[in-house]
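Trainee: Read top to bottom, the protein sequences are chains Y and A.
Residue numbering for the first sequence follows the numbering used here, starting at 1 and increasing by one per position.
Residue numbering for the second sequence follows the numbering used here, starting at 135 and increasing by one per position.
Every residue, glycine too, gets a C-beta built ideally from N, C-alpha and C.
2 protein chains.
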Amino acid sequence: MKRNSRLSLALHTLSHMAGSPDQVRTSGDIAEHAGTNPVVVRRVLGKLREAGLLTSEKGHAGGWRLARQPQKITLADVYLALDERMVATDETSEASACSIEHALHKRVSSVLEEIEENLVRRLSETSIAEVRGI
Amino acid sequence: MKRNSRLSLALHTLSHMAGSPDQVRTSGDIAEHAGTNPVVVRRVLGKLREAGLLTSEKGHAGGWRLARQPQKITLADVYLALDERMVATDETSEASACSIEHALHKRVSSVLEEIEENLVRRLSETSIAEVRGI
DNA sequence: AGTTATGCAACCGCTAAAGTTACGGATGTC
DNA sequence: GACATCCGTAACTTTAGCGGTTGCATAACT
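(1) Whose C-alpha, out of Y:Thr26, Y:His60 and Y:Gly59, is nearest the C-alpha of Leu45 (chain Y)?
(2) Counting C-beta neighbours from all protein chains within 10 Å, is the total for Asp217 (chain A) 16 or more, i.e. buried, or is it exposed?
(3) Would you tell me roughly how many angstroms separate the C-alpha atoms of Ile100 (chain Y) and Leu11 (chain Y), rounded to the nearest one?
(4) Is there a Cβ of chain Y sitting closer than 7 Å to that of Ala185 (chain A), yes or no?
(5) With respect to the beta strand (DSSP E) encompassing Ser190 (chain A), which residues constitute its N-terminal and C-terminal limits?
(6) Could you check if His105 (chain Y) is buried or exposed, using at least 16 other CB atoms within 10 Å of its CB as the buried criterion?
(7) At a CB-CB cut-off below 7 Å, which residues of chain A make contact with Asn118 (chain Y)?
(8) Kindly indicate which three-state DSSP category Arg266 (chain A) falls into: helix, strand or coil?
(9) With contact counted as at least three CB pairs below 8 Å, one residue from each stretch, are the stretch 200-213 of chain A and the stretch 258-266 of chain A in contact?
(10) So, helix, strand or coil for Thr170 (chain A), using DSSP?
(11) What separation, rounded to the nearest whole angstrom, lies between the Cα atoms of Asn118 (chain Y) and Gly193 (chain A)?
(12) Work out the CA separation of Leu48 (chain Y) and Met86 (chain Y) for me, nearest whole Å.
(13) Could you pull the DSSP bridge partners for Leu66 (chain Y) from this structure?
(14) Does the CB of Leu145 (chain A) have a neighbour CB from chain Y at under 7 Å?
(15) Taking 7 Å as the threshold (C-beta atoms), are Pro204 (chain A) and Ala152 (chain A) in contact?
(16) Here's a check: name, in chain order, each residue in its chain whose Cβ is nearer than 8 Å to the Cβ of Ala81 (chain Y), leaving out the five neighbours to either side.
(17) Helix, strand or coil for Arg183 (chain A), going by three-state DSSP, please let me know.
(18) Give me the Cα-Cα distance between Met1 (chain Y) and Ala195 (chain A), rounded to the nearest whole angstrom.
(19) Taking the alpha-carbon positions, what's the Ser139 (chain A) to His236 (chain A) distance?
(20) Note down, in chain order, every chain A residue with its Cβ under 8 Å from the Cβ of His60 (chain Y).
(21) Within 7 Å of any Cβ in chain Y, is that where the Cβ of Met151 (chain A) sits?
(22) What span of residues does the alpha helix (DSSP H) with Thr147 (chain A) cover, start to end?
(23) Closest by CA to Val175 (chain A), which one among A:Ala201, A:Ser154 and A:Thr147?
(24) Nearest-angstrom Cα distance between Val120 (chain Y) and Glu248 (chain A)?
(25) Of all the CB atoms in chain Y, is at least one closer than 7 Å to the CB of Arg256 (chain A)?
(26) How about Arg68 (chain Y) and Thr55 (chain Y): do their beta carbons lie closer than 7 Å?
Given below as structure tokens:
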């Protein structure tokens, strides 16, 4: 795949699930549709389960299901569940001896923080249920 | 180093140069201060030269110098010169057969576009000269 | 018991980026 | 002109992250 593939996979899968929320899907089915591997799917969806967006069941007739109504799951929820910030915050954290570097880092970081918040706010305006209708 | 290191290196170096704009600095000096390698410095600063932010001179007493007044160089100029977008735009561009994926991609991309513009706008509000005084 | 799922750990292979070495070209100093 | 200094660039090595893969334990249903 490519950069961003985890988020793409997660959003894509949840958007599909929003279509028939009660249907159980296996990682194999999902992987096939997404053109990837069941283990990769489980890795990504596992994060979403930790965040309370999905539930999974083992065994025969097991699989994945939405943990809430699709109207109550926003793109921001998914984004945050994967905790991979797209706005790369420059985590040097080495407290460099150089005061200019320090001032610079502070400045840039504050802008990035703001941008990140902005991104999350915008993503939270769309639910995975809405995506289908766009 | 780490992710974002090119931008960090570029901003850090220019901020220093803003302090004494007429001083010539060699890639060796810069690399030593930044804790990296002269070739890496030349690679990064080369981008800035292409963008018209720096000039370089070969030979004895050669080196790097600001191409304009530091007040006229903004953080956005530097960011754009390196053309490495921090807000990763999901360039799948495979026109997948799945309409949901298509709708999703469109939605997310438009948000990311907006965020990217927002970032540039914010970065353009600070010049490398101002950083020193923060 | 047998089948079908997830959960998880270990490993392979690819890719992107920094780091490194090497050499050519330019520009000064002697 | 010989030499030192510095950039420009290409080629290679190293490192880190990630998708992909395999294997096995666990759980649940028939």
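Mentor: If we stick to the structure as given:
(1) Numbered from its first residue, the first sequence carries residue 45 (chain Y) at position 45. Taking only the C-alpha atoms, the option nearest Leu45 (chain Y) is Y:Thr26.
(2) Numbered from 1 along the second sequence, position 83 holds the residue referred to as residue 217 (chain A). Exposed: under 16 other Cβ atoms inside 10 Å.
(3) In the first sequence, residue 100 (chain Y) corresponds to position 100, counting from 1. In the first sequence, residue 11 (chain Y) corresponds to position 11, counting from 1. Cα-Cα distance, rounded: 41 Å.
(4) Against the second sequence, residue 185 (chain A) aligns to sequence position 51. It does not: the Cβ of Ala185 (chain A) has no partner Cβ on chain Y nearer than 7 Å.
(5) To locate residue 190 (chain A), count along the second sequence from 1; it is residue 56. Where Ser190 (chain A) is concerned, the enclosing beta strand (DSSP E) stretches over Leu188 to Glu191.
(6) Mapped onto the first sequence, residue 105 (chain Y) falls at position 105. Taking all protein chains in view, the Cβ of His105 (chain Y) is crowded by 16 or more other Cβ atoms within 10 Å, so the residue is classified as buried.
(7) By 1-based counting over the first sequence, the position of residue 118 (chain Y) is 118. The contacting residues are Ile249 and Asn252.
(8) Your numbering for residue 266 (chain A) matches position 132 in the second sequence. Reduced to three states, the DSSP call for Arg266 (chain A) is helix.
(9) Segments in contact, yes.
(10) Taking the first residue of the second sequence as position 1, residue 170 (chain A) is located at position 36. If DSSP states are grouped into helix, strand and coil, Thr170 (chain A) belongs with coil.
(11) Against the first sequence, residue 118 (chain Y) aligns to sequence position 118. Against the second sequence, residue 193 (chain A) aligns to sequence position 59. In this structure, the straight-line span from the alpha carbon of Asn118 (chain Y) to that of Gly193 (chain A) is close to 48 Å.
(12) Numbered from its first residue, the first sequence carries residue 86 (chain Y) at position 86. Numbered from its first residue, the first sequence carries residue 48 (chain Y) at position 48. C-alpha separation (whole angstroms): 17 Å.
(13) As a working note, residue 66 (chain Y) is residue 66 in the first sequence. Y:Leu54, per the DSSP bridge assignment.
(14) Here residue 145 (chain A) is taken as the residue at index 11 of the second sequence, counted from 1. Chain Y contact via Cβ: present.
(15) Here residue 152 (chain A) refers to the residue found at position 18 of the second sequence. Here residue 204 (chain A) refers to the residue found at position 70 of the second sequence. Yes.
(16) As a position in the first sequence, residue 81 (chain Y) is number 81, starting the count at 1. Cβ contact annotation for Ala81 (chain Y) (same chain, cutoff 8 Å, sequence separation greater than five): Ala10, Lys47, Leu48, Glu50, Ala51 and Leu53, in chain order.
(17) Residue numbering aside, residue 183 (chain A) sits at position 49 when the second sequence is read from its first letter. Arg183 (chain A) falls in the helix class under three-state DSSP.
(18) Residue mapping note: residue 1 (chain Y) aligns to position 1 of the first sequence, counting from 1. Residue mapping note: residue 195 (chain A) aligns to position 61 of the second sequence, counting from 1. Here the model assigns Met1 (chain Y) a pLDDT of 39, short of 50, so the residue's position is not dependable, and the following value carries that caveat. Each residue's Cα considered, the two are about 48 Å apart.
(19) As a working mapping, residue 139 (chain A) is identified with position 5 in the second sequence. As a working mapping, residue 236 (chain A) is identified with position 102 in the second sequence. Straight-line Cα distance between these residues: approximately 33 Å.
(20) On the first sequence, residue 60 (chain Y) is found 60 positions in, with the first residue counted as 1. Around His60 (chain Y), no beta-carbon contact reaches into chain A at under 8 Å, the shortest distance being about 28 Å.
(21) Here residue 151 (chain A) refers to the residue found at position 17 when the second sequence is read from its first residue. Residue contact check for Met151 (chain A) against chain Y: no CB pair falls below 7 Å.
(22) In the second sequence, the residue the question calls residue 147 (chain A) occupies position 13. For Thr147 (chain A), the enclosing alpha helix (DSSP H) covers residues Ser139 to Met151.
(23) As a working mapping, residue 175 (chain A) is identified with position 41 in the second sequence. Nearest C-alpha to Val175 (chain A): A:Thr147.
(24) For the purposes of this step, residue 120 (chain Y) is taken as the residue at position 120 of the first sequence. For the purposes of this step, residue 248 (chain A) is taken as the residue at position 114 of the second sequence. For Val120 (chain Y) and Glu248 (chain A), the distance between alpha carbons rounds to 12 Å.
(25) Within the second sequence, numbered from 1, the residue matching residue 256 (chain A) stands at position 122. Yes, contact with chain Y.
(26) Here residue 68 (chain Y) corresponds to residue number 68 of the first sequence, with the count starting at 1. Here residue 55 (chain Y) corresponds to residue number 55 of the first sequence, with the count starting at 1. The beta carbons of Arg68 (chain Y) and Thr55 (chain Y) sit no closer together than 7 Å.
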